[in-house]
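2 protein chains.
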Amino acid sequence: MLEKVNLKASITKEEYKKEASALKEELSSLQQLVKQNKLPVIIVFEGWGSAGKGSQIANLILNFDPRGSKVYSNIAPTELEKREPNLWRYWKIIPGGGEIAVMDRSWYQEISVLRLEDEVDDVTNLRRMNDINTFERQLADNGYLIIKFFLHISQKEQRERLENLANSKNTEWRVTQQDWKRNKQYDRYYRAFDEMLEYTNTTYAPWHVIASTDRLHAELEIYHTVIDGIKTALALKQHRKEHPITPTNIILPGNFTFVPMPKLKDVSLDKTITDEKYKKQLKKLQEELSELHNKIYRRRVPVVVCYEGWDAAGKGGNIRRVAAALDPRGYEVVPIAGPTAPELAHHYLWRFWTRLPKDGHIAIFDRTWYGRVMVERIEGFCTTEDWQRAYREINEFERQLYDWGAVVVKFWLHIDQDEQLRRFNDRQNTPSKQWKITDEDWRNREKWDQYEEAIDDMLHYTSTDFAPWHIIESQNKKYGRIKALKILIDAIKDRL
Amino acid sequence: MLEKVNLKASITKEEYKKEASALKEELSSLQQLVKQNKLPVIIVFEGWGSAGKGSQIANLILNFDPRGSKVYSNIAPTELEKREPNLWRYWKIIPGGGEIAVMDRSWYQEISVLRLEDEVDDVTNLRRMNDINTFERQLADNGYLIIKFFLHISQKEQRERLENLANSKNTEWRVTQQDWKRNKQYDRYYRAFDEMLEYTNTTYAPWHVIASTDRLHAELEIYHTVIDGIKTALALKQHRKEHPITPTNIILPGNFTFVPMPKLKDVSLDKTITDEKYKKQLKKLQEELSELHNKIYRRRVPVVVCYEGWDAAGKGGNIRRVAAALDPRGYEVVPIAGPTAPELAHHYLWRFWTRLPKDGHIAIFDRTWYGRVMVERIEGFCTTEDWQRAYREINEFERQLYDWGAVVVKFWLHIDQDEQLRRFNDRQNTPSKQWKITDEDWRNREKWDQYEEAIDDMLHYTSTDFAPWHIIESQNKKYGRIKALKILIDAIKDRL
Chain A
0 MLEKVNLKAS ITKEEYKKEA SALKEELSSL QQLVKQNKLP VIIVFEGWGS
50 AGKGSQIANL ILNFDPRGSK VYSNIAPTEL EKREPNLWRY WKIIPGGGEI
100 AVMDRSWYQE ISVLRLEDEV DDVTNLRRMN DINTFERQLA DNGYLIIKFF
150 LHISQKEQRE RLENLANSKN TEWRVTQQDW KRNKQYDRYY RAFDEMLEYT
200 NTTYAPWHVI ASTDRLHAEL EIYHTVIDGI KTALALKQHR KEHPITPTNI
250 ILPGNFTFVP MPKLKDVSLD KTITDEKYKK QLKKLQEELS ELHNKIYRRR
300 VPVVVCYEGW DAAGKGGNIR RVAAALDPRG YEVVPIAGPT APELAHHYLW
350 RFWTRLPKDG HIAIFDRTWY GRVMVERIEG FCTTEDWQRA YREINEFERQ
400 LYDWGAVVVK FWLHIDQDEQ LRRFNDRQNT PSKQWKITDE DWRNREKWDQ
450 YEEAIDDMLH YTSTDFAPWH IIESQNKKYG RIKALKILID AIKDRL
Chain B
0 MLEKVNLKAS ITKEEYKKEA SALKEELSSL QQLVKQNKLP VIIVFEGWGS
50 AGKGSQIANL ILNFDPRGSK VYSNIAPTEL EKREPNLWRY WKIIPGGGEI
100 AVMDRSWYQE ISVLRLEDEV DDVTNLRRMN DINTFERQLA DNGYLIIKFF
150 LHISQKEQRE RLENLANSKN TEWRVTQQDW KRNKQYDRYY RAFDEMLEYT
200 NTTYAPWHVI ASTDRLHAEL EIYHTVIDGI KTALALKQHR KEHPITPTNI
250 ILPGNFTFVP MPKLKDVSLD KTITDEKYKK QLKKLQEELS ELHNKIYRRR
300 VPVVVCYEGW DAAGKGGNIR RVAAALDPRG YEVVPIAGPT APELAHHYLW
350 RFWTRLPKDG HIAIFDRTWY GRVMVERIEG FCTTEDWQRA YREINEFERQ
400 LYDWGAVVVK FWLHIDQDEQ LRRFNDRQNT PSKQWKITDE DWRNREKWDQ
450 YEEAIDDMLH YTSTDFAPWH IIESQNKKYG RIKALKILID AIKDRL
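Structure, rendered in structure tokens:
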């Protein structure tokens with residue numbers, strides 16, 4: 000892409016003055032519309048060192064009210080951050096609806112400059128580029144506007160700018176050995192940038208390469224691009240409101256290998272275990288899990304355990320039997336309730352990305368991201384298109400956890416309708432358990448058939464070979480606890 | 000304190016069994032009351048290595064529903080964390096109302112184990128101990144329950160436990176050279192622990208030293224203490240609801256040196272500047288600030304700029320003139336609006352602690368923690384006792400910023416009532432400015448006199464020698480911008 004750019008493009012000061020103030024005012028008033036329409040906006044700045052990223056960002060951001068805009072300076076990842084999943088540190092800082100996040104360097108440093116300097120192998124780099132395309136597609140599909148700038152200058156121009164900085168007492172500290180090295184190896188970096196730009200130049204998040212020899216010219220081009228991007232996104236949002244996409248009923252869960260799952264109605268629930276056998280096995284399995292917890296801690300393997308299941312299926316008790324075997328310094332139970340206001344304003348996976356375990360740690364999710372294809376589907380908290388698209392997004396998310404090295408174990412705790420009624424009544428009639436039963440539980444119960452259909456879909460479309468579902472028959476709670484422990488232990492052992 | 004503990008205390012397995020299950024059930028149901036009453040609870044675990052912190056925490060936490068309880072494992076601070084203000088990393092993780100935070104090690108490691116191992120000088124250590132007492136008092140005064148355990152064992156007991164761990168293949172990795180060293184120097188650590196326990200044993204956050212030779216005995220004592228602590232705190236909360244503390248009208252802003260401030264009515268507002276002079280000075284001052292920004296970045300000096308002022312006094316425009324001189328990679332404007340639900344559930348200073356700048360960076364607060372003694376005072380969002388206490392709490396907070404090395408600059412942007420009316424009308428009548436004026440602005444205007452009294456109090460009680468207030472006459476906005484820039488520049492220069 001870079002060869003097509005006319006680096007000589009420039010304008011006079013007069014031309015700049017004629018246009019600039021109107022554009023600035025337009026940017027200011029567009030931000031109000033961004034807020035009103037709750038549009039989340041990401042503006043990425045990448046480019047050569049000394050191409051003027053800093054001053055262009057400074058110019059741009061002054062047009063925005065700080066209530067709703069923020070600059071993120073993304074430097075190379077620390078050693079601790081390198082131990083997190085790919086893109087984790089960027090998921091954390093995506094904006095909410097109505098906010099503008101300006102990225103001073105971004106996820107692109109890992110597949111360009113750092114790719115060369117950390118000597119990243121080609122397969123890893125390809126995976127990272129694919130992860131980025133997935134990341135941006137997931138954001139764009141969920142209503143994010145992504146505007147990406149690459150500030151381009153020639154090798155000669157860069158050298159001159161470095162020399163200017165180095166020759167002034169006030170700025171010489173800003174020029175490092177690495178800057179000179181990068182300038183000398185301009186061709187090598189050029190090829191890496193070019194590959195990056197081409198591979199990640201998508202319809203949903205296209206690149207804008209900005210000729211940055213002349214700063215005034217670059218500034219106006221940036222303003223025009225941002226204005227155009229926001230206007231188009233707002234128009235599209237309005238259009239979608241008036242013309243919602245017709246549900247297709249075609250679910251595309253992505254190009255993965257799936258493990259066949261039975262329909263819920265075909266699952267036999269008569270499995271039991273004697274009290275004696277339960278006690279003995281529980282103790283043995285907990286000791287085994289406890290030892291494995293030590294091992295994954297030392298080998299730095301992250302473990303993500305997902306609990307889903309019918310209301311009153313026994314998630315809490317099942318989780319407690321797993322937790323009892325674990326050192327509290329190395330695990331956390333993450334209870335998932337309805338999203339808070341800031342969570343609702345973000346991409347729906349944001350609140351899960353930000354609660355992943357550290358490597359060597361275990362996170363037990365009590366309810367999960369599968370709410371998207373169950374309660375949100377059934378209650379209409381998202382559009383049909385949203386939940387239909389979610390199967391693929393979730394599979395991609397779990398794949399990224401797998402690629403990171405995580406063990407992902409997913410349980411569906413299953414009981415039948417009669418058993419649920421018995422347990423609901425028991426809760427209702429036992430004072431110390433009454434807090435556990437709410438009107439919502441009874442309402443959900445009335446929608447059993449709808450849920451059953453949604454759950455069958457979920458099991459069918461998201462049981463991948465790297466993160467398969469396990470149905471835990473919990474009519475007999477003790478049987479269910481033993482089964483879950485065994486599966487978790489086997490999954491960890493497999494990974495070790 | 001340690002010498003008073005009977006390390007031989009023990010119970011039989013039968014005695015344990017007789018008591019344990021009732022205590023566990025009580026803990027579980029107390030958590031429901033903690034939630035209902037929105038009581039924030041902090042339980043600290045400190046003690047000797049191998050004294051059993053891990054397993055006691057594991058036992059305790061199993062009694063709690065993870066929805067509302069969490070274990071924080073606090074290891075030694077990283078290099079990056081050491082560059083933050085003292086206690087910053089602990090402020091970040093204080094619980095909200097209704098939550099139980101269990102601290103596996105805490106702020107006490109810095110004044111005990113790490114004090115010896117990092118060879119912290121006595122003056123620094125004394126300051127840290129005082130900071131901790133202040134921290135806990137501020138939490139307790141704002142309704143937090145703090146329960147602190149120190150798990151105590153003898154040198155011999157510790158050595159035997161280390162030997163047991165080292166002799167088993169599965170656990171030998173857990174015993175480090177440092178553990179042996181600490182055991183050998185038991186007396187040295189004993190003295191440091193003892194000093195820590197005595198100095199920080201306060202009425203609002205007393206220590207509970209637990210004889211931990213016998214684990215079952217320790218477990219029950221911990222349960223009893225937690226139950227007793229929560230019950231007392233709930234009763235006290237109820238009592239306060241029924242018998243609120245009578246306002247004393249005695250404000251105790253703490254033992255600091257204060258800079259005398261004029262009353263607002265005595266501030267002359269007729270200062271102006273010509274357009275020509277403004278343009279020239281603005282350019283010169285912005286260039287100067289820009290260079291200073293480089294210097295503080297290199298010298299790692301954090302800068303906290305606080306903007307308060309009447310509605311329509313020109314905060315936004317003033318801030319923009321400062322920001323225009325700064326590299327966006329090194330500053331952030333932090334707009335403060337009404338608190339969100341999670342912010343309301345925490346100590347009122349929490350949302351400011353978590354938004355402090357990194358060292359070498361500038362944070363410009365557009366409105367600040369002074370809301371406590373202005374809008375919250377006037378609108379009754381906190382009790383009279385709360386805002387009267389806040390002057391001292393705020394002074395202590397700013398002192399901690401100063402001790403960290405920060406430049407703290409506070410501006411009050413001042414205009415008179417007539418000028419405000421002119422500006423309000425102008426906003427109302429200019430379509431592009433209408434979003435800037437709300438009904439609330441008009442309502443606040445009606446309370447001008449109440450605000451004036453509150454502001455005079457604020458200026459009087461919180462203008463310390465380390466963080467003095469500056470009144471910025473903003474009747475003429477340009478004059479105000481130049482004055483603010485000059486003060487900021489001088490403050491940074493003084494610090495460098």
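Protein chains in written order, with numbering that gives the first Met the number 0: chain A, 0 to 495; chain B, 0 to 495.
Don't be surprised by glycine CBs; every beta carbon is placed ideally from N, CA and C.
Here DSSP, grouped into helix, strand and coil, assigns Ile145 of chain B to strand. Taking a Cβ-Cβ cut-off of 8 Å, the neighbours of Ser28 of chain A in chain B comprise Ser431, given in sequence order.
Look at Glu220 of chain A here: in three-state DSSP terms it is helix. Residue-level contact by beta carbon holds for Ser72 of chain A and chain B, with a gap shorter than 8 Å. Under the three-state reduction of DSSP, Asp464 of chain B is assigned to coil, being neither helix nor strand. Taking the Cα positions, Ala483 of chain B is about 13 Å away from Pro467 of chain B. A check of alpha carbon separations from Asp64 of chain A across B:Asn254, B:Glu452, B:Lys432 identifies B:Lys432 as the nearest. Straight-line spacing of the CA atoms in Arg391 of chain B and Lys264 of chain B works out to 25 Å. Look at Glu194 of chain B: its C-beta is not under 8 Å from any C-beta on chain A. Comparing C-alpha distances from Val332 of chain B to each of B:Ala324, B:Glu342, B:Ile318 shows the shortest one belongs to B:Ile318. For Arg214 of chain B, no Cβ of chain A is located within less than 8 Å of the residue's own Cβ. Gly96 of chain B carries a coil assignment under DSSP once its states are collapsed to helix, strand and coil. The beta carbon of Leu458 of chain B sits closer than 6 Å to those of Met260, Trp468, all from its chain and outside the five residues before and after it, given in chain order. Remark: C-beta atoms of Ala344 of chain B and Gly95 of chain B approach each other more closely than 8 Å.
For the segment 151 to 177 of chain A, the residues whose beta carbon sits under 7 Å from a beta carbon of chain B are, in order, Asn169, Trp172. Chain-ordered listing is empty here: chain B has no CB closer than 7 Å to the CB of Ala217 of chain A, the nearest sitting near 16 Å.
Under the three-state reduction of DSSP output, Ala483 of chain B falls in the helix class. Secondary structure of Gly53 of chain A (DSSP, three-state): helix. The Cβ of Lys7 of chain B sits no closer than 8 Å to any Cβ of chain A. Annotation for Gly315 of chain B: the continuous alpha helix (DSSP H) segment containing it runs 314 to 322.
The way I'd put it, the segment 270 to 283 of chain A does touch the segment 476 to 492 of chain A; three or more beta-carbon pairs between them come closer than 8 Å.
Burial state of Ser267 of chain B is exposed, judged by a 10 Å Cβ sphere holding fewer than 16 other Cβ atoms. Taking the beta carbon of Asp121 of chain A as reference, no residue of chain B falls within 9 Å; the closest one sits roughly 32 Å away.
Within chain B, Leu61 have C-beta atoms less than 7 Å from the C-beta of Arg319 of chain A, given in sequence order.
Tyr369 of chain A has its alpha-carbon roughly 19 Å from the corresponding atom of Glu472 of chain A. Collapsing the DSSP output to three states places Asp358 of chain A in coil. By the Cβ rule, the segment 297 to 307 of chain B counts as touching the segment 399 to 410 of chain B, because three or more pairs are nearer than 8 Å.
DSSP places His242 of chain A outside both helix and strand once states are collapsed to three, so it counts as coil. Secondary structure at Ser72 of chain A: strand, using DSSP grouped into helix, strand and coil. With a threshold of 16 other beta carbon atoms within 10 Å, Leu26 of chain A meets it and is buried. Burial check for Lys52 of chain A: the Cβ neighbour count within 10 Å reaches 16 or more, so the residue is buried.
Taken atom to atom, the span from the alpha-carbon of Gln419 of chain B to that of Leu138 of chain B is near 38 Å. Glu331, Val332, Val333, Pro334, Ala336, Thr339, Ala340, Pro341: these are the residues of the segment 330 to 358 of chain B whose beta carbon lies less than 8 Å from some beta carbon of chain A, given in chain order. Under DSSP, the beta-bridge partners assigned to His469 of chain B are B:Phe410.
Rounded to the nearest whole angstrom, the C-alpha separation of Pro341 of chain B and Tyr347 of chain B is 11 Å. Residue state for Glu307 of chain A is assigned as strand, using DSSP reduced to three classes.
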